[in-house]
Amino acid sequence: KCYSKSACIAVSARMFGRSVSYFSRYVFSVILIEVCILGTKEKTREFIKLRAEMDHMITGAKYSAAVAWRLFWRKWASRGR
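According to this note's numbering, the sequence shown holds residues 108 to 188 in order.
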């Protein structure tokens, strides 16, 4: 079940321990698409697990999050999702 845009942002921010403004600016579209469209708890768990595996790549350095998310989506796509 997909919720409103603001609800998806808030849920996503809590899942990844980030502020709502962070998600609004950087990864809202990614999270909205994947969390809301995935639809199943299993796929959402897989999504969160893979994102947690990539956490070491987001160092706070300039562009590190963009690089990490790009690699994340490559891994996600290679799993056939």
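Where is the CB? At the ideal position from N, CA and C, for every residue including glycine.
Residue i: buried (16+ other C-beta within 10 angstroms of its C-beta) or exposed?
i, result
"residue 158", "buried"
Which of helix, strand or coil does DSSP assign to residue i?
i, result
"residue 175", "helix"
"residue 165", "coil"
"residue 186", "coil"
Between the Cα of residue i and those of the options, spot the shortest distance and give me the residue it belongs to.
i, options, result
"residue 175", "156, 151, 164, 150", "164"
"residue 180", "154, 171, 148", "154"
"residue 182", "167, 172, 161", "161"
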